[in-house]
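Numbering (our numbering), first residue to last: 36 to 627.
For reference, the structure discussed in these notes is given below.
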Amino acid sequence: MHVSFNIAADIDAAMKTAVAAAGIDAASFAPEVRTADPRNGDFQANGVLAFAKRNKQNPRALAEQIIAALPDEIKARFDTAIAGPGFINFTLKPAALFDWLNTYDSIEKLSSGASSAYAGQTWVVDYSSPNTAKQMHVGHLRSAVIGEAICRLLEFSGAKVIRDNHLGDWGTQFGKLIYGYKRWLDKDALARDPISELERLYKLGNEATPDGSPELEEARQELVKLQRGDYDSLELWKLFSEVSKKAFDEIYKQLAIKFDHYLGESFYNDKLQPVLDELQKLGLAEESQGALVVFHPEHPRFAKQPFIVRKSDGASNYATTDLATMLYRVEHFHADGIVILTDFRQSDHFEQLALTAEKWFAKTGRRMPRFAHVTFGAVLGENNKPLKTRDGDTIKLKELLGEAEERAYTIVSEKNAGRPKAEQFTDEECRAIAHYVGIGAVQYADLSQNRSSDYLFSWDKMLSLDGNTAPYLLYAIARIHSIFRKAGIEPEALAAIEKEASPLETPTELALARKLVKFPDALRLATDTLRPHFLALYLYELAGDYSAFNNADKVLVDDTPVRARRLLLCARTQLTLNTGLNLLGVRTLKRM
Ligand code: ARG
């Protein structure tokens, strides 16, 4: 029998078939199948109600009609029931549940099952994208962590993903930086900690050039020289870029992020004028008070507040660069989808960008890709204010990740000391584990929350072994590995034993199995909405169902068929938790 990866999609298709078979006009019928509350079944179709209302029919009668017309294959796999005003509940029969678990038994199978959803699509994901000559601080964490998870989710769903770090490496700040560099450079400091030295020089340059001062004019001249392509200025700019990239790469290495491209703002310098010319020629952009702008008359705000694509002093800006970037991603990468991550404060900019690009591409016969501006809230300290150091400075990301590892090390080595001598880790092993646990805790704390809300940064919470945290999930995986070690088998070498398994029976076995087969739904939801927390929540619930199973049903019993089916559940839980965490960018451990 063919067992589909996504069971909800099977039900969806079957209901459409049934509706057509029952002679109902199916054009406007959407089954709306989703994961059900476990008390009601596995899946629930809610679409009958709205459809019946629209067509002035009795929803329960209609539901009955549809159930009767379901294909035999579906009737063989599910128990069905009508609930409430006309919902249809589907409950997998234990044999069908078991079939799924036997089919999707490896990461390869899961990924081939998942990969049809976005097959053939190319997605460009623009994330992290910090400004050069500055250190990354805690505010840069969310874009990098959420962006990487989104890349992995799309990739697993079959898309070709292009990871593009759109560095802020061009702009007015470089005039002031060069001004500061030429006057106050400390060569030793530059050799020791180059990015901090650049930050210091920019600060000095900025302080020395107040508005309207002759010093500011000098800084501006430095910028003009750079923009004209003056050799020495460009050499300095290159140095700034190299130093910055090196510092950023250290952080990406800690987070296990690798970009395909670093096409920063400077890359688009020579691609801006043609964009402005085209917009003007098409009549989309017009002059207004010396600037070149695009109005969107249909929009409540942007009818009066236009998208400024060239400033009144003739200079291009963030908008110009992003329009050129959009074009490049469509023409060069053939992007079907573009995702850009920044905090919510840039919402207006990207809304105007999308509106402008849609009109521009429509007029020029280009295809508008799907575009998503993925936003997120601020990182708050325990006092509910943006997270700062005690002195009120921003927290450098490098230091934050270092602290995460240190704190995890304390916890890991304390736990280790409590173990029987023969099972203890060496100090080196504790360090290695702490690296995974510490970084994973920071990543997961961010990913487990709805990204639209501000998130409260709490060391105690994120490092706790209880609750929806990385340590809790990592520990669940390690515990399953230890069961297999005790049993003397590798989870991978399980196929032989699984053949001996008897049907699932106890309520906790069945509840765990029912949760396992819903991985595809969680994956779909997280990917389609670009919200990784849906997957995180699923993993947390799965670990809870596993723990209930583990408490109620002893795994390593003498009865071979019972032991085999329970080991199978352990192996699938381990597979799903591992796959899920890796999709979130969190690295897992066999022992901790
Ligand atoms: N460098 C920008 C910042 O730090 C983010 C860039 C996001 N990407 C883009 N294509 N505008 O705010």
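Virtual Cβ for every residue (Gly too), placed ideally from N, Cα, C.
- Ranked by how close their Cα comes to the Cα of residue 76, the residues 103, 52 and 129 have 129 in first place.
- The way I'd put it, the segment 518 to 537 does touch the segment 590 to 599; three or more beta-carbon pairs between them come closer than 8 Å.
- Here the residues close to ligand 1, judged by CB distance below 6 Å to any of its heavy atoms, are 161, 164, 165, 166, 201, 203, 357, 360, 375 and 377 in chain order.
- Under the rule that a run must span 4 or more residues, the alpha helix (DSSP H) segments found entirely inside the segment 219 to 287 read 222 to 227, 229 to 242 and 249 to 263.
- The beta carbons of residue 216 and residue 271 sit closer together than 8 Å.
- Contiguous beta strand (DSSP E) elements confined to the segment 484 to 537 do not occur, taking only those with 3 or more residues.
- Taken atom to atom, the span from the alpha-carbon of residue 261 to that of residue 269 is near 6 Å.
- Within the same chain, and ignoring the five residues on either side of residue 393 in sequence, the residues whose Cβ sits closer than 7 Å to its Cβ are 403.
- Under the Cβ criterion (8 Å, minimum of three pairs), the segment 438 to 452 counts as touching the segment 463 to 477.
- Here residue 568 is near residue 486, since their CB atoms are less than 8 Å apart.
- In this structure, residue 369 sits away from residue 298, with a CB-CB distance that is not shorter than 8 Å.
- Bounds of any alpha helix (DSSP H) do not take in residue 124; it lies within the beta strand (DSSP E) bounded by 122 to 127.
- In the DSSP annotation of this structure, the continuous segment of the beta strand (DSSP E) that includes residue 408 starts and ends at 405 to 409.
- For residue 158, the enclosing beta strand (DSSP E) begins and ends at 157 to 161.
- When secondary structure is reduced to three states using DSSP, residue 422 falls in the coil class, being assigned neither helix nor strand.
- Taking C-beta separations shorter than 6 Å and ignoring five residues to either side along the sequence, the partners of residue 86 in its chain run 64, following chain order.
- In the displayed model, residue 148 falls within a helix according to three-state DSSP.
- Distance from the CA of residue 440 to the CA of residue 514, rounded to the nearest whole angstrom, comes to 22 Å.
- Contact between the segment 112 to 122 and the segment 153 to 163 is absent, with fewer than three C-beta pairs closer than 8 Å.
- Around the C-beta of residue 592, fewer than 16 other C-beta atoms lie within 10 Å, and the residue is accordingly described as exposed.
- Residue state for residue 79 is assigned as strand, using DSSP reduced to three classes.
- Residue nearest to residue 73 within the set 561, 126 and 454 is 126 (criterion: CA-CA distance).
- With a contact defined as Cβ atoms closer than 8 Å, residue 428 and residue 180 miss out at about 22 Å.
- Collapsing the DSSP output to three states places residue 376 in a strand.
- Residue environment: residue 111 is assigned as exposed (fewer than 16 neighbouring CB atoms within 10 Å of its CB, all protein chains considered).
- Taking all protein chains shown into account, residue 82 has 16 or more neighbouring C-beta atoms within 10 Å of its C-beta and is therefore buried.
- Per DSSP, reduced to three states, the secondary structure at residue 117 is strand.
- Among the bridge pairs identified by DSSP, residue 198 is matched with 160.
- Annotated three-state conformation of residue 342 is strand, per DSSP.
- About 11 Å separates the beta carbons of residue 365 and residue 405, which is beyond the 8 Å limit, so they are not a contact pair.
- With fewer than 16 other Cβ atoms from the protein chains shown falling within 10 Å of its own Cβ, residue 259 counts as exposed.
- Between the C-alpha atoms of residue 105 and residue 97 there is a straight-line separation of about 13 Å.
- DSSP places residue 69 in the strand class (E or B) of the three-state scheme.
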